[in-house]
Every structure is written in C-alpha cells, then in structure tokens.
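Given below as structure tokens:
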C-alpha cells in the first residue's frame, strides 16, 4: 500500500493516459524549471507550516491532557468549517479547508495502514465521524472550487487525494466491519472496482465532463496496482483463475495502449504475460529454475523478443525500447542463473557457443536500435 502511494503519485504526475492521436506521444515538460521549482517550494512551505502548527497545538493539548488525537481532529474541523461559513466562503478559508482536509486525510490513511497491518482496530466513534467528515470536506471543496470561484475544471490534485482516501476508507471499513478473510484478496477486488468506476463510468457523467483526463489517469493507476497485487497474490497462493485474470489484464492494457498510446500500459501488458508464462511452467513443473531447460526457455524467449521487432510493427518507438530492455534483462538473468547452478560443470565448448549466441543476440539488438536513432 505504501508502494501504491509513492509510485501512484509519481506516475500520476509524470505519465499520461490521455486520449491523443494514434501517431503521437504526449511530450512532457521539464520539471526543473525556475517557475515549477518556486511553485513546489511554495507548496512545500505552505504544507509544512500548517503541519507544524497543528502538531504544536496537539502536543500542547496533549501535554495538559485536554484531548486525544481524534477529538483534536474533530474540533479543528469544526473550527475550520465555522471560519469557512463566517467568512462567506472566502478564498482564504477555502485554502485553509483544503490544506486541513489533505493533512488529516493523510494522517488517517497512515492510521488505516497501521491498523490493517497490525490487525488491531483502535478506532472509536469519533474516528469514524472524522473519516466521513473528511470525505464531505473534499466534496465541499470541489463544489466551491467549480461553482463559486468559476474554475473551468475541478482541482485535479483534490480529485487525486479524494480517490486515494476513498480507496483506503473502503478497504478499512469493509475489512473490519463487513468482509473477512485474506486482506490481499479483498484489496485486489476493491482496487478493481475503483479502476472500473474511475476509468469507465465517472468520465461518462456530464458533471465530470471537464475532468475526464484526471479520472482516467487515476483509473489506469488503479489497474496498474491491480496487476501488482494479483502478482503478489500468486506468489503466496496458487490460483488458476487469477492467472486468467492477469491474462485478461494483459489484453486490456494492450487495448489501452492501442487507444491512448500509453507505453506504461504496454509494458504492464508484457510483464503480466511473461509472469503468467513463467508462473505456469513452474507451477506445472515443466521446468525447474536450476535445470538447463529453464535457461533454454528464458534465453530463447529473449531472442524471440528481439526477432519480433524485425517482423512486427509496434505502435511507437518506445514500444521497441521496452521490448529490447525487457529482453536484455531476461537474457542477462537467464545467463546469471545458469552460471550460478552450473559453473562447476561448464566445458569450453559450452562457453564459446554461449558467447557466439550472445554476440548474435546483441548484434541484432544493436542493428535494430541504431536504425531508430538514424530516423
């Protein structure tokens, strides 16, 4: 889950799943510009100022045994809402409400993660009230941002925060109050529901017509997380149905790549397919990682990937790069595993054959890539 937060926000801000022309890829602006650095430093200072101020208030109240954290959050929310109303929904009060909801949502997300991992529910009724009050606050922010301040679209960062927070709220309350069993299994299914809703349904609602791209960004991130969790699930439990779900996800991401020119989806599709392939041959005991047969399969597959770039027309130049990079990783990994288990029994003839094949392999890869560099 921590992985999702870190990778999810990184991918959300830097990669695209937007609808574009089929022959184009979105160009990314440089992050390291004076304007952007100044903007993010300003944001960082703004958040840290509020965070330290809240911490100081809480520690003061804690030192005098005035109030617990859940009560502190509730009273701060009430004060901020009162200021928001009394100031007649001013821009300043809206900023206070925004930073307040973001900070407290993160504090509760970390609380959800801790409780889920420790399997000890320490929440009381005030925490439940605070959890849902944060959701209400997000919707109030989105409404006033669009209707009162006449913005053309919703604040995409708020939509992202709300989406992540809703995911953890659903996971926590369903796990402790409704569902039971394997937490990883239910996390995957909740993630799949969010993926479908955010990518397929919400963009079709007229109320969110100005935010289609944001919802599809978030929806596709849920689908990446879905793949990651199913792979994690298969590492601990055997399931043929999950293998078929991953095959479906592989086909789905190929469709996303074809429609939106999303190279991350293309890479996810290839990785899902490769994982299912190797999981199946290991699960059915067709090969063993210590056997020479595994080396032959993996090494041959790396060759097939390179050869495919000569005969198949992939969508973008980045598709070729992904194929070559994954092929190189598989090639080197197969050789390292083979040498680890068989270095004591290697004959000179095996070595020169292996080196000859490697020279052919890397020449084909070089020849294909150098042609792209000339274009």
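Residue numbers (this note's numbering): 16 to 390.
Ideal Cβ placement from N, Cα and C applies to all residues, glycine included.
Small disclaimer: the values here were computed from a predicted structure and weren't measured.
Residue j beta carbon less than 7 angstroms from that of residue i
{"i": "residue 143", "j": "residue 89", "result": "no"}
{"i": "residue 121", "j": "residue 112", "result": "no"}
{"i": "residue 159", "j": "residue 104", "result": "yes"}
{"i": "residue 153", "j": "residue 116", "result": "yes"}
{"i": "residue 243", "j": "residue 209", "result": "no"}
{"i": "residue 205", "j": "residue 185", "result": "yes"}
{"i": "residue 183", "j": "residue 114", "result": "no"}
{"i": "residue 349", "j": "residue 310", "result": "yes"}
{"i": "residue 218", "j": "residue 227", "result": "yes"}
{"i": "residue 148", "j": "residue 92", "result": "yes"}
{"i": "residue 214", "j": "residue 231", "result": "yes"}
Own chain partners of residue i with C-beta closer than 6 angstroms, once the 5 adjacent residues on each side are dropped
{"i": "residue 342", "result": "317, 320 and 321"}
{"i": "residue 45", "result": "Annotation note: pLDDT 47 at residue 45 (below 50); position unreliable, coordinate value reported separately. Correct list: empty, nothing qualifies."}
{"i": "residue 229", "result": "171 and 174"}
{"i": "residue 379", "result": "321"}
{"i": "residue 356", "result": "305"}
{"i": "residue 372", "result": "none"}
{"i": "residue 346", "result": "317"}
{"i": "residue 366", "result": "none"}
{"i": "residue 38", "result": "Here residue 38 scores only 37 on pLDDT, less than 50, and its place in the model should not be relied on; the value that follows carries that caveat. Same-chain partners within the cutoff: there are none."}
{"i": "residue 333", "result": "278"}
Contacts around residue i, its chain only, beta-carbon distance under 8 angstroms, and the 5 residues preceding and following it disregarded
{"i": "residue 3", "result": "Outside the displayed span of the chain (16 to 390) sits residue 3, for which this structure offers no information."}
{"i": "residue 338", "result": "285, 320, 321, 323, 324 and 329"}
{"i": "residue 253", "result": "298"}
{"i": "residue 307", "result": "353 and 357"}
{"i": "residue 302", "result": "296, 308, 309 and 312"}
{"i": "residue 294", "result": "249 and 258"}
{"i": "residue 194", "result": "201"}
Close-in-space but distant-in-sequence residues of the same chain around residue i (CB under 7 angstroms, 5 per side omitted)
{"i": "residue 202", "result": "186 and 244"}
{"i": "residue 377", "result": "none"}
{"i": "residue 190", "result": "131, 198 and 201"}
Interface flag, residue i vs chain C, CB-CB below 7 angstroms
{"i": "residue 105", "result": "You won't find chain C in this structure, because it holds only one protein chain."}
| Three-pair Cβ contact test at 8 angstroms for the segment 272-282 versus the segment 252-259 | no
| Any chance the segment 286-296 sits against the segment 262-269, with 3 or more Cβ pairs inside 8 angstroms? | yes
| query | What beta strand (DSSP E) runs, 3 residues minimum, are completely inside the segment 202-269? | reply | none
| Curious, which full-length alpha helix (DSSP H) runs of at least 4 residues does the segment 329-389 contain? | 332-357 and 363-389
| said: Restricting to runs no shorter than 4 residues, where is the alpha helix (DSSP H) found entirely within the segment 167-192? | reply: DSSP runs (the alpha helix (DSSP H)) wholly in the segment 167-192: 171-188.
| task | Only counting runs of 4 or more residues, tell me where the alpha helix (DSSP H) segments fall wholly within the segment 274-312, in order along the chain. | result | 278-298
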